[in-house]
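Everything below concerns the one structure shown next.
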Amino acid sequence: ETGVTQTPRHLVMGMTNKKSLKCEQHLGHNAMYWYKQSAKKPLELMFVYSLEERVENNSVPSRFSPECPNSSHLFLHLHTLQPEDSALYLCASSQEEAVNTEAFFGQGTRLTVV
Amino acid sequence: GENVEQHPSTLSVQEGDSAVIKCTYSDSASNYFPWYKQELGKGPQLIIDIRSNVGEKKDQRIAVTLNKTAKHFSLHITETQPEDSAVYFCAVQYSGAGSYQLTFGKGTKLSVIP
C-alpha cells in the first residue's frame, strides 16, 4: 500500500462514453500527477497539479480533462476516447520542496477503449 | 527537453548472479536520478535514488552509480532473487524552479531464473 489509491482498477468504455478516473492520496502531499503507461513506451506525464493548480499540461488531447478539487483528490475525466488511448493510467503524488522528493504511485487504472 | 535512454530492454539472469541496468540522459542540469520497480499489476515503486552531489549509493543488495560527466547512471542488483523479477525504470529530474517533471526510461524487464 503506497498511500495512493486509484479507482476503478479496470475500465472498459466505448468511444462515445464519458467516464472518470479517481485518485486519492493519504500522504499529505501537495502535488499530484497523471501518467499514461502504454506498452513499449516510457511513462508519459500528462498533467501536474501543485497546490491544486495545474502547472503542466503536456500537449494532452482535450478528450482528457483533469480536475483537482483539493490536495488529496485528483480526477481524470474521459470522453470520446480512441482505441489508442487504451493504456494503464497512473496517478502519483509527491511533496514539492526545494529538494527532489519521491513520487508515490497508485496501482493504476487499466483502461480499454472499444 | 530531457531524453533518457535505458538499456537493456530485457535481461535474464540466474538466481544469485548480478544484474546491471544502465541509463543515459541529455540535460546536464538534471540532478535527481531515481529508480523505480514495477511488479505485475502494481504501480512503480521507488527502490533507490541518487542526487548529483553523490557518485554512488548502496542499500543492501541494490546500488546506483552516477557519472555526471558522462551523463549516465546505473542500477546494480547483486545476489538476485526470483522476487527481483519485475520491470525497472530509471528516471531523471531537473531541479529548476517550478520543475516537476520526471522523465522516465522505457524500462527493463528483469527475469531472475531460479
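Those protein sequences? They're chains A and B, same order as listed.
Throughout, our numbering is defined as the position within the first sequence, counted from one, plus 45.
Throughout, our numbering is defined as the position within the second sequence, counted from one, plus 186.
By construction, the Cβ of each residue, glycine as well, lies at the ideal position given by its N, Cα and C atoms.
Checklist entry - How big is the Cα-Cα spacing for Glu97 (chain A) and Leu119 (chain A)? => result If I take the Cα positions, the gap works out to 9 angstroms.
Item to check | 8 angstroms Cβ cut-off: residues of chain A touching Gly291 (chain B) | outcome: Contact annotation for Gly291 (chain B) against chain A: Pro87 [CB-CB distance below 8 angstroms, chain order].
Next on the checklist: Below 8 angstroms on the Cβ atoms is my contact criterion, and I expect Lys292 (chain B) with Lys67 (chain A) to pass it. Report the Cβ-Cβ distance as a whole number of Å.
Outcome noted: With 8 angstroms as the limit, Lys292 (chain B) and Lys67 (chain A) do not qualify as a contact, their Cβ atoms being about 28 angstroms apart.
Checklist entry - Using a Cβ-Cβ cut-off of 7 angstroms (strictly less than) and excluding sequence neighbours within five positions of Ala143 (chain A), which residues of its own chain qualify? => result Residue placement at Ala143 (chain A) is flagged as unreliable, the pLDDT there being 48, under the threshold of 50; the coordinate-derived value follows with that caveat. A distance below 7 angstroms between beta-carbons, with the five flanking residues on each side excluded, links Ala143 (chain A) to no residue of its chain.
Checklist entry - Can you tell which of A:Ser65, A:Glu69, A:Gly59, A:Ser95 has the C-alpha that lies nearest to the C-alpha of Leu126 (chain A)? => result When each option's Cα is compared against that of Leu126 (chain A), the closest is A:Gly59.
Checklist entry - Going straight from the alpha carbon of Leu123 (chain A) to that of Tyr134 (chain A), what length do you get? => result 12 angstroms
Next on the checklist: Which of the three DSSP states is assigned to Glu265 (chain B) in this structure?
Outcome noted: coil
Checklist entry - Does Gly229 (chain B) get closer than 8 angstroms to chain A when you measure Cβ to Cβ? => result yes
Checklist entry - Are at least three pairs of beta-carbons, each pair with one atom in the stretch 224-243 of chain B and one in the stretch 150-157 of chain A, less than 8 angstroms apart? => result yes
Item to check | Amino acids of chain B, ordered along the chain, whose beta-carbon sits closer than 7 angstroms to that of Ala148 (chain A) | outcome: Leu288
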